[in-house]
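Numbering (the working numbering), first residue to last: 1 to 64.
Note sheet for the following structure.
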């Protein structure tokens with residue numbers, strides 16, 4: 001199952017940071033490439049991606 005999240009966007013020093021907050025379950029089965037795909041997409045846009053050591057925090061920084 002995928003988790004539904006709410007994205008909180010913050011503008012800071014010319015960049016945009018988005019925080020995902022879990023708000024519930026989605027009925028569509030999980031799939032895709034997970035963290036590796038997110039990192040690849042962020043880098044393709046000239047940004048960066050990190051995931052916290054416990055897997056509960058993922059942060060992407062993208063240029064505007």
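Glycine is no exception: its CB is placed at the ideal position from the N, C-alpha and C atoms.
Just so we're clear, the structure is a prediction, and the values are computed from it rather than from any experiment.
| Query | Result |
| --- | --- |
| For a quick check, are the C-beta atoms of residue 63 and residue 52 less than 8 Å apart? | no |
| Is the CB-CB distance between residue 60 and residue 42 below 8 Å? | yes |
| Note the first and the last residue of the continuous alpha helix (DSSP H) segment covering residue 57. | It is not in any alpha helix (DSSP H) - residue 57 carries neither H nor E in the DSSP assignment. |
| To the nearest angstrom, how far is the alpha carbon of residue 38 from that of residue 13? | 23 Å |
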